[in-house]
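Quick notes on the structure that follows.
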Amino acid sequence: MSSDLDRQLEQLLDQAGSDAQPRRPSWGEMRDRITAIPQVRGRRLVLPRRLVAVVGVAAMIAIVLGIIFHLPLGPIAQAESPPIRVIQKDIELTVFNLFESDRPTLFMPTSPPARGPVKMGMALVKDHRIVLNLRPGDNLVYFTDVAATIDPTSVRFWSETDPIATKVVEQNFEYDLATAGAILKRYLDRKITCVLKDGKQHEGFLCSHDGDIVLADKPPSDSGEMRKTESISRDQIRAVQMPDVPKDLFVKPTLVWKIRTQRPGQHETTLMYACGHAEWQADYVVAVTPGAPGEKDQLDLQGWVTIDNRTGSTYKDAGIKLIAGDVNRVPDPWAPDQVERFSMGIEFADLDAYALRLAPAKMPEKAFVEKSFFEYHLYTLSAPSTVKDQQIKQLKLLKAEGVKAIRRYVFDSPPGTDESRRHVAVVLEFKNDKDNKLGMPLPKGRVRVMQRDSDGDMQLVNTTEIDHTAKDEEMKLNIGSAFDVAAERAEMNMTRPGHRQETRTIRLRMRNHKDEPIQARFVERLVPNRNWEITLTSNAWTREDVSTIHFDFTLEPDAEKEITYTVDYQW
Amino acid sequence: MELPDAEAVKLAARGDADAFMTLVERYRAPLIAYVHGKTRRRDEAEDLAQEVFCKAWQHLPGLRDPAAFPGWLFRMAHNAILTAARQPRPAQLEDDPADSSPAGNENSVEVHAAVAALSEEFRITVSLRHFSGMSTDEVARTLGIPPGTVRSRLSRAYAQLRRRLISRVEV
Chain A
1 MSSDLDRQLE
11 QLLDQAGSDA
21 QPRRPSWGEM
31 RDRITAIPQV
41 RGRRLVLPRR
51 LVAVVGVAAM
61 IAIVLGIIFH
71 LPLGPIAQAE
81 SPPIRVIQKD
91 IELTVFNLFE
101 SDRPTLFMPT
111 SPPARGPVKM
121 GMALVKDHRI
131 VLNLRPGDNL
141 VYFTDVAATI
151 DPTSVRFWSE
161 TDPIATKVVE
171 QNFEYDLATA
181 GAILKRYLDR
191 KITCVLKDGK
201 QHEGFLCSHD
211 GDIVLADKPP
221 SDSGEMRKTE
231 SISRDQIRAV
241 QMPDVPKDLF
251 VKPTLVWKIR
261 TQRPGQHETT
271 LMYACGHAEW
281 QADYVVAVTP
291 GAPGEKDQLD
301 LQGWVTIDNR
311 TGSTYKDAGI
321 KLIAGDVNRV
331 PDPWAPDQVE
341 RFSMGIEFAD
351 LDAYALRLAP
361 AKMPEKAFVE
371 KSFFEYHLYT
381 LSAPSTVKDQ
391 QIKQLKLLKA
401 EGVKAIRRYV
411 FDSPPGTDES
421 RRHVAVVLEF
431 KNDKDNKLGM
441 PLPKGRVRVM
451 QRDSDGDMQL
461 VNTTEIDHTA
471 KDEEMKLNIG
481 SAFDVAAERA
491 EMNMTRPGHR
501 QETRTIRLRM
511 RNHKDEPIQA
521 RFVERLVPNR
531 NWEITLTSNA
541 WTREDVSTIH
551 FDFTLEPDAE
561 KEITYTVDYQ
571 W
Chain B
572 MELPDAEAVK
582 LAARGDADAF
592 MTLVERYRAP
602 LIAYVHGKTR
612 RRDEAEDLAQ
622 EVFCKAWQHL
632 PGLRDPAAFP
642 GWLFRMAHNA
652 ILTAARQPRP
662 AQLEDDPADS
672 SPAGNENSVE
682 VHAAVAALSE
692 EFRITVSLRH
702 FSGMSTDEVA
712 RTLGIPPGTV
722 RSRLSRAYAQ
732 LRRRLISRVE
742 V
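Read top to bottom, the protein sequences are chains A and B. Under this note's numbering, the first residue of the first sequence is numbered 1, with each subsequent residue one higher. Under this note's numbering, the first residue of the second sequence is numbered 572, with each subsequent residue one higher.
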């Protein structure tokens with residue numbers, strides 16, 4: 001008995017052991033962290049009491065002599081402080097829905113200007129970094145590897161280690177990058193040497209670098225002395241030599257802080273900022289299995305999240321969150337007009353390519369966990385994932401199999417619609433609840449509806465879109481027009497019995513040429529902004545809203561249904 | 572052959588980062604479990620464990636008895652937990668739904684708490700055996716004690732754990 005209990009206990013301990021295994025990617029940087037920390041090597045000296053007394057007396061005498069004779073003690077030898085280092089600990093990326101605005105909502109100094117309305121994605125980056133070797137007082141700390149599309153007006157930085165006594169005195173965003181043009185600009189009127197492809201060297205004072213390089217033989221002078229210039233085509237130049245590289249240029253966009261602290265050493269810090277050109281959208285694939293006659297269809301639904309990162313930064317092992325919902329954003333008064341430089345979303349070239357994406361072997365294991373957040377929904381990826389710069393990443397949002405749906409044939413014909421355009425739409429109706437194997441708020445996105453053909457191959461039936469759909473809500477997917485179901489609408493009579501009164505009689509007909517019964521619906525849109533009353537009808541009807549009613553019925557194979565109703569209007 | 576703790580500690584105290592990383596890999600799961608058991612916050616346990624290792628590296632040259640390293644490390648973790656508990660938590664943008672339960676798995680929390688409450692020598696032995704995934708012989712080599720002593724400690728620790736986790740061990 002005891003050994004059984006021990007076995008159970010050992011199992012319990014082993015399970016708890018698996019939950020104690022490290023998950024944070026920052027363990028990988030542990031070696032760097034510790035090697036940056038100096039070890040404290042002060043050993044306690046155990047000295048004889050007599051020796052202590054002698055040393056103490058000698059020290060006292062030295063101090064007294066120093067005071068009396070003002071002995072120059074010389075400069076205090078200061079150990080050189082180790083350089084300030086920044087190590088990335090972990091990072092979180094919260095991506096918002098795509099947003100369309102007349103003007104940019106972010107101030108991104110590195111993005112080129114553009115005209116017209118812009119569609120802009122936005123992300124919030126929460127970057128935890130460890131800053132090593134801070135000194136008491138003011139420190140200059142450089143954070144590279146921030147998004148190139150950062151909005152510097154949105155940056156927040158604080159020390160987790162000492163949030164009260166550590167303050168940011170000054171913050172700068174350095175985006176004047178060390179491009180060839182930027183470097184040459186620093187050398188206008190200064191001496192440089194151009195080395196040509198044939199090995200010849202031309203030395204002179206740089207006059208212009210916009211097109212060809214123009215060199216002068218002497219520096220400009222106030223006396224207006226003539227200068228002899230020569231123009232060198234850029235194609236001929238192999239290298240440009242200059243005395244030093246400008247120190248005020250940065251290789252990458254960099255945030256620079258002047259941090260004042262009273263606590264030296266290591267600080268855990270958090271940096272938070274908004275950046276543009278990151279977006280996400282949901283894509284759904286619905287595989288329809290038609291139900292037997294009289295039964296509901298079965299849907300297999302897969303939801304994918306497509307994240308498009310064009311922020312100019314890679315987010316390694318980042319915690320990924322997605323906000324679904326229309327977050328209000330106001331145009332930024334500082335923002336220059338931005339260009340919509342890239343096409344939105346991705347289009348699948350063909351069905352095979354799309355099917356390849358759906359192949360189980362390609363599916364990532366990570367899944368999103370949904371949670372309400374303010375008036376929106378927050379989807380968090382259950383494990384960290386790396387989102388590279390200029391990468392479209394697809395991650396699984398949900399998978400639901402055996403969702404029951406009603407296939408309804410809907411004839412919705414607003415008055416005045418062109419007769420030739422009147423088709424019977426096929427709509428799949430299902431409830432987004434747990435009983436129906438769903439029950440998760442579904443973000444707005446494109447839906448591709450597919451159905452197996454007689455050979456068992458998946459064929460695309462239709463592409464449609466859903467809006468943000470809360471759980472327990474009814475969902476409708478329009479999957480196209482019916483071929484074997486025809487319908488028509490005719491106004492049979494119209495009278496005006498009095499002033500501001502009207503009576504209309506409408507006849508609706510639908511014919512089912514299929515081999516099975518169908519669930520059908522006529523949607524009738526009454527004349528808006530009028531009081532109305534249905535005075536005569538051959539079928540029961542349901543009010544949808546103030547000016548829309550519908551008639552539901554089952555239509556047997558090869559049968560026709562006719563509904564006539566009369567409506568009285570007053571206004 | 573695994574480097575025994577005492578040897579690794581001696582090397583690490585002389586500035587050998589590789590030797591210290593051996594200790595980190597050996598003791599990080601026990602330390603995460605200990606902090607998790609004490610604080611019941613799985614999301615913070617790893618941060619605190621990393622802090623403890625940094626502090627341990629810094630002060631390792633001052634440790635006189637290398638064999639006392641595991642106990643010293645756990646005492647340091649205990650102090651770090653108390654210090655962290657006194658500090659105000661920074662306001663967060665939102666809770667992380669990935670760890671919808673910040674405590675983590677309920678069973679694991681209880682087991683980690685029960686192991687954390689064991690005496691030092693039992694806790695270290697059980698942690699190395701079950702959280703670091705070592706065999707009895709490996710635990711013995713690591714701690715520099717005979718395998719029989721490890722088995723005896725495990726047996727006595729199990730008896731205590733059975734009493735603490737009675738509801739989770741079916742009778």
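Glycine included, every Cβ here is placed at the ideal spot set by N, Cα and C.
Name the DSSP bridge partner or partners of residue i?
i                 : result
Gln266 of chain A : According to DSSP, Gln266 of chain A bridges with nothing at all.
Glu560 of chain A : A:Arg511
Cys625 of chain B : In the DSSP output, where bridge partners are listed per residue, Cys625 of chain B has none listed.
Val288 of chain A : A:Leu299, A:Gln451
His468 of chain A : Note: His468 of chain A sits in no beta bridge, so no partner.
Glu170 of chain A : A:Lys258
Gly445 of chain A : A:Ala282, A:Ile466
In whole angstroms, what separates the C-alpha of residue i from that of residue j?
i                 : j                 : result
Tyr379 of chain A : Asn539 of chain A : 45 Å
Val410 of chain A : Pro293 of chain A : 18 Å
Gly402 of chain A : Thr289 of chain A : 9 Å
Ala470 of chain A : Asp433 of chain A : 9 Å
Gly586 of chain B : Pro25 of chain A  : 24 Å
Val680 of chain B : Thr713 of chain B : 26 Å
Leu572 of chain A : Thr654 of chain B : Any answer about residue 572 of chain A is impossible in this case: the structure gives chain A only from 1 up to 571.
Arg735 of chain B : Ala648 of chain B : 22 Å
Lys561 of chain A : Glu473 of chain A : 30 Å
Val125 of chain A : Lys626 of chain B : 29 Å
Asp138 of chain A : Arg260 of chain A : 4 Å
Ala147 of chain A : Val485 of chain A : 55 Å
Asn478 of chain A : Gly456 of chain A : 23 Å
Thr193 of chain A : Leu184 of chain A : 12 Å
Pro22 of chain A  : His377 of chain A : 29 Å
Pro220 of chain A : Asp189 of chain A : 7 Å
Glu92 of chain A  : Met272 of chain A : 9 Å
Leu196 of chain A : Ser231 of chain A : 12 Å
Output needed for residue i: all residues of its chain with C-beta closer than 8 Å, excluding positions within five of it in sequence on either side, in chain order.
i                 : result
Arg584 of chain A : Residue 584 of chain A lies beyond the stretch modelled for chain A, which goes from 1 to 571, so this question has no answer here.
Asp389 of chain A : Asn309, Arg310, Thr311, Gly312, Ser313, Thr314
Gln501 of chain A : Asp568, Tyr569, Gln570
In the DSSP assignment, the beta strand (DSSP E) including residue i goes from what residue to what residue?
i                 : result
Trp532 of chain A : 531-537
Ala425 of chain A : 425-431
Leu732 of chain B : Taken as a continuous stretch (DSSP letters only), Leu732 of chain B belongs to no beta strand (DSSP E), being part of the alpha helix (DSSP H) at 718-735.
His683 of chain B : Not the beta strand (DSSP E): His683 of chain B falls in the alpha helix (DSSP H), residues 677-687.
Asp90 of chain A  : 85-95
Arg407 of chain A : 391-412
Glu578 of chain B : Element bounds for Glu578 of chain B: not the beta strand (DSSP E) but the alpha helix (DSSP H), 576-584.
Arg543 of chain A : 542-545
Grab the span of the alpha helix (DSSP H) containing residue i for me, first residue to last.
i                 : result
Ala482 of chain A : Counting along the chain, Ala482 of chain A falls outside any alpha helix (DSSP H), and DSSP gives it neither H nor E.
Met647 of chain B : 640-657
Thr229 of chain A : Where Thr229 of chain A is concerned, there is no enclosing alpha helix (DSSP H), although the beta strand (DSSP E) it sits in stretches over 229-232.
Please state the DSSP three-state secondary structure of residue i.
i                 : result
Asp19 of chain A  : helix
Gln39 of chain A  : coil
Leu594 of chain B : helix
Phe522 of chain A : strand
Met475 of chain A : strand
Gly633 of chain B : helix
Gly199 of chain A : coil
His701 of chain B : helix
Thr505 of chain A : strand
Asp670 of chain B : In this prediction, Asp670 of chain B scores a pLDDT of 42, lower than 50, which makes its location untrustworthy; the coordinate-derived value is nonetheless stated afterwards. Three-state result, Asp670 of chain B: helix.
Leu184 of chain A : helix
Ile164 of chain A : coil
Trp27 of chain A  : helix
Ordered along the chain, which non-local residues of its own chain (more than five positions away) have a Cβ less than 7 Å from that of residue i?
i                 : result
Glu573 of chain B : Glu709, Arg712, Thr713
When you measure from the CB of residue i to every non-hydrogen atom of the ligand ATP, does any distance come out below 7 Å?
i                 : result
Trp541 of chain A : Because no ligand of any kind appears in the structure shown, any question about the ligand ATP cannot be addressed here.
If I measure Cβ to Cβ from residue i and keep anything under 6 Å in the same chain, skipping five residues before and after, which residues do I get?
i                 : result
Ala590 of chain B : Ala579, Leu582, Ala583
Leu358 of chain A : With a pLDDT of 33 at Leu358 of chain A, under the threshold of 50, the modelled position of that residue is not reliable, and no figure is offered here.
Met494 of chain A : Arg504
Ala616 of chain B : Ile603, Val606, His607
For chain D, check one thing: does any of its Cβ atoms lie closer than 8 Å to the Cβ of residue i?
i                : result
Gln88 of chain A : Protein chains in the displayed structure are A and B, and chain D is not among them.
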